[in-house]
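Reading through the structure tokens given below for one structure.
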Amino acid sequence: MINQGDLQNHDWLKDLYRIRNKWSTAFNKNCFNLGILSTQRSECTNNVCHGISKATSSITECFLGLEKLIITWRCNEQDEDFRCSQSDVVPVIRSSPILKQAARYYSMKLYSFFEEEFLQGVGGMSIVHASADSTTFFVKNADRCDQPQQWTVHVDAADNLVHCTCGKFSMMGILCSHIMRVFRQLDISKIPSQYLLLRWSARGRKDFYAGPTVTGMGNKPIHSNDGGSGMIFRNHLSRFAYQISTRAQGNEDAEQYMLAAMVEMADNVDFILAGKPSNQGDNQNTAGTVPNKVKDPVKCRPKGVSNARLKSHWEKKKPKRKRTSNQENTSKEDTGPAHQFVHATCSTIPECLTEEYILRRPSSLPSAEYTRMMMEIIDSDRQS
1 MINQGDLQNH
11 DWLKDLYRIR
21 NKWSTAFNKN
31 CFNLGILSTQ
41 RSECTNNVCH
51 GISKATSSIT
61 ECFLGLEKLI
71 ITWRCNEQDE
81 DFRCSQSDVV
91 PVIRSSPILK
101 QAARYYSMKL
111 YSFFEEEFLQ
121 GVGGMSIVHA
131 SADSTTFFVK
141 NADRCDQPQQ
151 WTVHVDAADN
161 LVHCTCGKFS
171 MMGILCSHIM
181 RVFRQLDISK
191 IPSQYLLLRW
201 SARGRKDFYA
211 GPTVTGMGNK
221 PIHSNDGGSG
231 MIFRNHLSRF
241 AYQISTRAQG
251 NEDAEQYMLA
261 AMVEMADNVD
271 FILAGKPSNQ
281 GDNQNTAGTV
291 PNKVKDPVKC
301 RPKGVSNARL
311 KSHWEKKKPK
321 RKRTSNQENT
331 SKEDTGPAHQ
341 FVHATCSTIP
351 ECLTEEYILR
361 RPSSLPSAEY
371 TRMMMEIIDS
381 DRQS
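For the sequence shown, counting from 1, position 212 maps to 212 in full-length UniProt numbering; every step adds exactly one.
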């Protein structure tokens with residue numbers, strides 16, 4: 001096509017080819033991309049954007065819609081974590097050691113992906129050629145052995161390393177069907193630990209914040225150039241410091257002790273980084289520490305005190321009144337307004353209906369003098 005159109009020196013095509021690793025998945029198989037094709041990127045983006053915004057939406061509305069979408073994703077993630085913690089995955093082949101190991105480690109969604117790759121590798125792949133030392137295998141589809149397409153799997157038994165030219169582990173983080181076929185050929189019944197990523201673990205969130213219990217932080221040292229272990233260390237230390245600061249908040253002695261201890265710890269860390277023993281910093285910073293004080297014993301509820309919940313201020317101010325059965329029956333029967341007026345006490349009768357108010361209220365009838373004057377006027381009109 002380039003030769004027919006004489007496009008060897010086309011500037012736009014040259015720039016597009018120069019950044020081919022950014023838009024073509026064939027050139028970035030060593031990058032983690034979850035196996036999303038280049039044609040699916042725009043479709044996924046449009047699907048998300050169309051649900052949170054429209055053509056007339058402002059930038060603020062777009063960001064607010066994106067925040068709501070992220071909250072929905074987080075809720076779905078929490079629901080998936082709860083499902084993984086409350087139920088176990090049953091392998092389709094219960095006697096398979098690899099499927100049992102994957103069912104115990106992976107989440108439900110990732111296990112379904114791995115199980116599909118396992119079944120495809122065991123039942124749908126075939127090894128067409130292998131090297132004499134069993135370190136290189138050439139794998140093809142069982143129903144397409146006559147086609148030239150094949151994948152190469154390299155195995156290092158000494159270091160428990162395996163690599164496939166399809167690059168599925170680099171892109172998705174799970175072993176491909178070609179490696180599963182080689183495992184079946186070599187009778188390997190266990191997935192190497194370095195190929196079980198913490199990202200896809202059913203306890204990934206809990207293990208990530210668990211600190212030293214995570215594999216890699218227990219016995220061997222963590223180097224600063226290890227990005228994953230450094231992040232785990234920082235998250236664990238930040239979480240631990242936040243919990244202590246929350247417990248000490250509000251107590252002046254605890255706050256002062258915590259501040260002094262952190263200053264002392266910072267000095268000791270500086271001495272360790274400088275290659276000096278930390279006891280030198282202890283001798284120089286003894287004046288800044290807060291002496292230990294004898295605290296009050298733990299309070300215990302005395303005998304005879306009720307264990308019921310204490311009422312709040314508003315509950316004490318407005319207690320609920322319990323109505324007896326006789327009062328309830330009376331309230332149901334006395335539904336008419338006249339009956340309520342008869343049984344009403346004097347304190348509940350309106351002032352305008354009391355006898356005192358009626359007696360002192362001026363009468364609306366005309367007086368005798370006014371009546372006589374009006375009769376004279378009427379008689380004079382008749383005579384005229």
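All C-beta atoms, glycine included, are put in the ideal place defined by N, C-alpha and C.
All values derive from a computational prediction rather than experimental measurement.
| request: Using only alpha-carbon positions, find the residue among Val139, Gln194, Met180 that is nearest to Phe114. | output: By 1-based counting over the sequence shown, the position of residue 114 is 114. Residue Met180 is the option with its Cα nearest to Phe114.
| Is residue 394 buried or exposed, if buried means 16 or more other CB atoms sit within 10 Å of its CB? | Outside the modelled stretch of the chain, which goes from 1 to 384, sits residue 394, for which no answer is possible.
| query | Taking the C-alpha atoms as reference points, what is the distance between Lys109 and Lys190? | reply | Translated into the one-based positions of the sequence shown, residue 109 becomes position 109. Translated into the one-based positions of the sequence shown, residue 190 becomes position 190. Taking the straight line from one Cα to the other gives about 20 Å.
| Apart from the five residues just before and just after Gly173, which ones in its own chain have a Cβ nearer than 8 Å to its Cβ? | Position 173 of the sequence shown, counted from the start, is the residue given in the question as residue 173. Closer than 8 Å at Cβ, skipping near neighbours: Phe32, Leu197, Arg199, Trp200.
| request: Using alpha carbons as the reference points, say which of Val182, Ala202, Asp81, Asn46 lies closest to Leu66. | output: For the purposes of this step, residue 66 is identified with residue 66 of the sequence shown, where counting begins at 1. Here the closest residue by C-alpha is Asn46.
| said: Can you give me the C-alpha to C-alpha distance between Asp381 and Met374, rounded to a whole angstrom? | reply: Counted from its first residue, the sequence shown places residue 381 at position 381. Counted from its first residue, the sequence shown places residue 374 at position 374. So the two alpha carbons sit approximately 11 Å from each other.
| What does Phe138 pair with, by DSSP beta-bridge criteria? | Sequence index remark: in the sequence shown, residue 138 carries index 138 (1-based). Partner(s): His129, Thr152.
| query | Are the CB atoms of Met258 and Ala248 nearer to each other than 9 Å? | reply | One-based indexing of the sequence shown puts residue 258 at position 258. One-based indexing of the sequence shown puts residue 248 at position 248. Contact flag set, yes.
| query | In the stretch 47-90, which residue ranges form an unbroken alpha helix (DSSP H) of at least 4 residues, counting only runs that do not cross its ends? | reply | 59-86
| Rounded to the nearest angstrom, how far is the Cβ of Val162 from that of Thr135, given a contact under 8 Å? | As a first step, residue 162 must be located in the sequence shown, where it is residue number 162. As a first step, residue 135 must be located in the sequence shown, where it is residue number 135. Contact flag wrong, Cβ pair sits at about 10 Å.
| In terms of residue numbering, what span does the beta strand (DSSP E) encompassing His163 cover? | Against the sequence shown, residue 163 aligns to sequence position 163. Where His163 is concerned, the enclosing beta strand (DSSP E) stretches over 161-164.
| task | Answer with buried or exposed for Phe183, where buried requires no fewer than 16 other C-beta atoms within 10 angstroms of its C-beta. | result | The count along the sequence shown starts at 1 and reaches residue 183 at position 183. Classification of Phe183: buried, given that the 10 Å Cβ count is 16 or more.
| message | Tell me the DSSP secondary structure of Ser96 in three-state form. | response | Here the question's residue 96 lines up with position 96 in the sequence shown. In this structure, Ser96 counts as coil in the three-state DSSP scheme.
| field | Residues near Gln101 by beta carbon distance below 7 Å, same chain, minus five either side | value | Looking up residue 101 in the sequence shown gives position 101. Closer than 7 Å at the Cβ level, and outside the excluded window around Gln101, lie Lys190, Ile191.
| message | Quick check: is any heavy atom of the ligand MN less than 8 Å from the C-beta of Leu197? | response | As for the ligand MN, it is missing from this structure, which has no ligand bound.
| Between Gln150 and Trp12, what straight-line distance do the alpha-carbon atoms span, to the nearest angstrom? | For this step, residue 150 is matched to residue 150 along the sequence shown. For this step, residue 12 is matched to residue 12 along the sequence shown. Approximately 34 Å, taken between the alpha carbons.
| said: Which of the three DSSP states is assigned to Ser306 in this structure? | reply: Mapped onto the sequence shown, residue 306 falls at position 306. Three-state DSSP puts Ser306 in coil, outside helix and strand.
| Who are Tyr111's beta bridge partners in DSSP? | Translated into the one-based positions of the sequence shown, residue 111 becomes position 111. BP columns for Tyr111 are empty, so no partner.
| Distance, Cα to Cα, Asp15 vs Leu7? | To locate residue 15, count along the sequence shown from 1; it is residue 15. To locate residue 7, count along the sequence shown from 1; it is residue 7. The straight-line gap from Cα to Cα measures roughly 13 Å.
| request: Give the range of the alpha helix (DSSP H) segment to which Asp381 is assigned. | output: The sequence position of residue 381 within the sequence shown is 381, counting from 1. Note, Asp381: alpha helix (DSSP H), 368-383.
| said: Distance check for Pro97 and Asn268, CA to CA, integer angstroms please. | reply: Counting from 1 along the sequence shown, the entry for residue 268 is found at position 268. Counting from 1 along the sequence shown, the entry for residue 97 is found at position 97. So the two alpha carbons sit approximately 49 Å from each other.
| Contact belief for Val122 with Ala103 at Cβ below 8 Å, rounded distance in angstroms | Counting from 1 along the sequence shown, the entry for residue 122 is found at position 122. Counting from 1 along the sequence shown, the entry for residue 103 is found at position 103. Actually they do not touch by this definition, with Cβ atoms about 16 Å apart.
| query | Using a Cβ-Cβ cut-off of 7 Å (strictly less than) and excluding sequence neighbours within five positions of Met1, which residues of its own chain qualify? | reply | Counting from 1 along the sequence shown, the entry for residue 1 is found at position 1. So no residue of the chain qualifies.
| query | Going by beta carbon distance, what residues of the same chain come within less than 8 Å of Val48, once the five residues before and after it are set aside? | reply | Reading the sequence shown from its first residue, position 48 is the one you call residue 48. So the list reads Leu69, once near-sequence residues are dropped.
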